[in-house]
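Trainee: Note that the protein sequences, when read in sequence, are chains D and Y.
Each residue of the first sequence is one higher than the one before, counting from 128 in the numbering used here.
Each residue of the second sequence is one higher than the one before, counting from 123 in the numbering used here.
Think of the CB as a built atom: it goes at the ideal place given N, C-alpha and C, for glycine as much as any other residue.
Quick caveat, the model's predicted, so the values are computed rather than measured.
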Amino acid sequence: QKEVEQNSGPLSVPEGAIASLNCTYSDRGSQSFFWYRQYSGKSPELIMSIYSNGDKEDGRFTAQLNKASQYVSLLIRDSQPSDSATYLCAAPSGGSYIPTFGRGTSLIVHP
Amino acid sequence: GAGVSQSPSNKVTEKGKDVELRCDPISGHTALYWYRQRLGQGLEFLIYFQGNSAPDKSGLPSDRFSAERTGESVSTLTIQRTQQEDSAVYLCASSLGGGFNEKLFFGSGTQLSVL
Numbered sequence: 128q129k130e131v132e133q134n135s136g137p138l139s140v141p142e143g144a145i146a147s148l149n150c151t152y153s154d155r156g157s158q159s160f161f162w163y164r165q166y167s168g169k170s171p172e173l174i175m176s177i178y179s180n181g182d183k184e185d186g187r188f189t190a191q192l193n194k195a196s197q198y199v200s201l202l203i204r205d206s207q208p209s210d211s212a213t214y215l216c217a218a219p220s221g222g223s224y225i226p227t228f229g230r231g232t233s234l235i236v237h238p
Numbered sequence: 123g124a125g126v127s128q129s130p131s132n133k134v135t136e137k138g139k140d141v142e143l144r145c146d147p148i149s150g151h152t153a154l155y156w157y158r159q160r161l162g163q164g165l166e167f168l169i170y171f172q173g174n175s176a177p178d179k180s181g182l183p184s185d186r187f188s189a190e191r192t193g194e195s196v197s198t199l200t201i202q203r204t205q206q207e208d209s210a211v212y213l214c215a216s217s218l219g220g221g222f223n224e225k226l227f228f229g230s231g232t233q234l235s236v237l
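1) With burial defined as no fewer than 16 other Cβ atoms inside 10 Å of the residue's Cβ, what is the status of Y166 (chain D): buried or exposed?
2) Exposed or buried, what is D140 (chain Y) when buried is set at 16 or more other beta-carbons lying within 10 Å of its beta-carbon?
3) Output needed for V211 (chain Y): all residues of its chain with C-beta closer than 6 angstroms, excluding positions within five of it in sequence on either side, in chain order.
4) For a contact meaning CB atoms closer than 7 angstroms, what does F228 (chain D) contact in chain Y?
5) Given S233 (chain D), which residues of its chain have a CB within under 6 angstroms of its CB, disregarding the five upstream and five downstream residues?
6) Mark G173 (chain Y) as exposed unless 16 or more other C-beta atoms lie within 10 angstroms of its C-beta, in which case mark it buried.
7) According to the neighbour-count rule (16 or more other Cβ atoms, all chains shown, within 10 Å of its Cβ), is L165 (chain Y) buried or exposed?
8) The stretch 173-199 of chain Y: which residues have C-beta closer than 9 angstroms to a C-beta of chain D, in chain order?
9) So within the stretch 131-211 of chain D, which uninterrupted beta strand (DSSP E) runs reach at least 3 residues, ignoring any that extend past its ends?
10) Using a threshold of 8 angstroms, state whether the C-beta atoms of Y163 (chain D) and L173 (chain D) are closer than that.
11) For E136 (chain Y), return the contacting residues in chain D, with the cut-off set at a CB-CB distance below 7 angstroms.
12) Helix, strand or coil, according to DSSP, for D208 (chain Y) in the structure here?
13) Decide if E224 (chain Y) is buried, meaning its Cβ has at least 16 other Cβ atoms within 10 Å, or exposed.
14) Quick check: A153 (chain Y) and G229 (chain Y), are their CB atoms within less than 8 angstroms of each other?
15) Apply the 10 Å Cβ neighbour rule to I201 (chain Y) and answer buried if 16 or more other Cβ atoms are within range, or exposed otherwise.
16) With burial defined as no fewer than 16 other Cβ atoms inside 10 Å of the residue's Cβ, what is the status of R204 (chain D): buried or exposed?
17) Measuring straight from C-alpha to C-alpha, what distance separates D178 (chain Y) and K194 (chain D)?
18) Answer with yes or no whether the minimum CB distance from S230 (chain Y) to chain D is below 8 angstroms.
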């Protein structure tokens, strides 16, 4: 069974710090990776996508992909209390276009 | 429409009753997904529609669950003879196409409570 694994947390960081969220996946055929943010009681919303090895930056967010290690991460710089949410990692399996989601990591940014 | 629309937003039903959940995707989006999210858990895939292709039903947990989609428009998820373990948020998402790099846009979900 194709799996996407995340530490459920919670990950607690002080305001202004860098939050590092990690994700591993089992299917070497996966070609695309997504980070969704889900506020409590709300639906997931896409914040980053990454397809190639290396880093991809968008504002305070950086996604990192290492296909050899089957590892994806999301860095949030200058964390704000408004970043407090659950972050879901998702990847379609190599033989499918349907994203498999991890269980999500809860991030708490405290003032 | 501007976003993915789901109805009802909340549904309380008695064990054994049938329920129907509705999803209206973003106009022009050919792919539609249903996921289930139990309290404190991740998203569990249920079913996927892409254009006029046969749906991928591999995630449906039992034969009590079924879904339909009319062309590239509205989809309904039906749960027959509901059980307490069916209580969850049912999320619908759509994407422009059905490729590996498609970004999903989610509706606000239907909170189903089975008493």
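Mentor: In brief:
1) exposed
2) exposed
3) Q159, G231 and Q233
4) G164 and L165
5) G136, P137 and T213
6) exposed
7) buried
8) D178, S180 and G181
9) 138-141, 146-152, 160-165, 172-177, 181-185, 188-193 and 198-203
10) yes
11) Neighbours of E136 (chain Y) on chain D: none; closest Cβ ~25 angstroms, over 7 angstroms.
12) helix
13) buried
14) no
15) buried
16) exposed
17) 27 angstroms
18) yes
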